[in-house]
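A short worksheet on the structure shown next.
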Ligand code: URA
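Residue numbers (the working numbering): 1271 to 1440.
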């Protein structure tokens, strides 16, 4: 199977996922990652917000504009980065306010994140905030994000290891 057909299959499976029930609250489907499979960097956020759920793409709202600034300041071309989220649906109870994803939602969704990382095979996984950092590094909920910021760690997906580094969520 080529990487492209692997991606198409994975995107279709993610779009049809109903595992945590979040998609039933909103009139949209889960949002897979975007970017080239050749990307050397994968950026992982927490979950889509309102704008992302309307446009159906990760990091296109306010947080996306802040991420763009971070990329510009670091000399990184956004089009060369694969950008995805830990949870692929917008966590909300009312449709008005975003809320952090629950553990059950993270647990139901994280295998999609690991499958996307496995497909891209990046050199670096850059996690934005506590949810993606603790998911990628399998940290206990009691750990402090501050202890992990800017440091390099190694995470493993099945047979492959990759470098991770973390920042606050924009
Ligand atoms: N915040 C995230 O973590 N992901 C997005 O896609 C948008 C905002």
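Cβ coordinates follow ideal geometry from the N, Cα and C atoms, glycine included.
None of the values given here were measured: they were computed from a predicted structure.
Item	Value
Pairwise C-alpha distance: residue 1371 and residue 1410	16 Å
Distance CB(residue 1402)-CB(residue 1312) smaller than 7 Å	no
Proximal residues to residue 1319 (C-beta, below 7 Å), its chain only, five neighbours per side dropped	1331, 1333, 1360 and 1368
One or two residues paired with residue 1437 in a DSSP bridge	1398
Contact check, residue 1395 vs residue 1309, beta carbons under 7 Å	no
In chain order, each alpha helix (DSSP H) run of at least 4 residues that lies wholly inside the segment 1279-1352	1292-1295, 1320-1325 and 1332-1344
Counted within 10 angstroms of its Cβ, other Cβ atoms place residue 1386 as buried (16 or more) or exposed	buried
Contacting residues, own chain, Cβ-Cβ under 7 Å from residue 1284 (five flanking each side not counted)	1300, 1302, 1358 and 1382
Nearest-angstrom Cβ-Cβ length linking residue 1290 and residue 1375, presumed shorter than 8 Å	4 Å
Backbone CA spacing between residue 1273 and residue 1281 [nearest angstrom]	12 Å
Beta bridge counterpart(s) of residue 1275 as assigned by DSSP	Paired residue(s): none; residue 1275 is not in a bridge.
For residue 1377, the first and last residue of its enclosing alpha helix (DSSP H)	1373-1390
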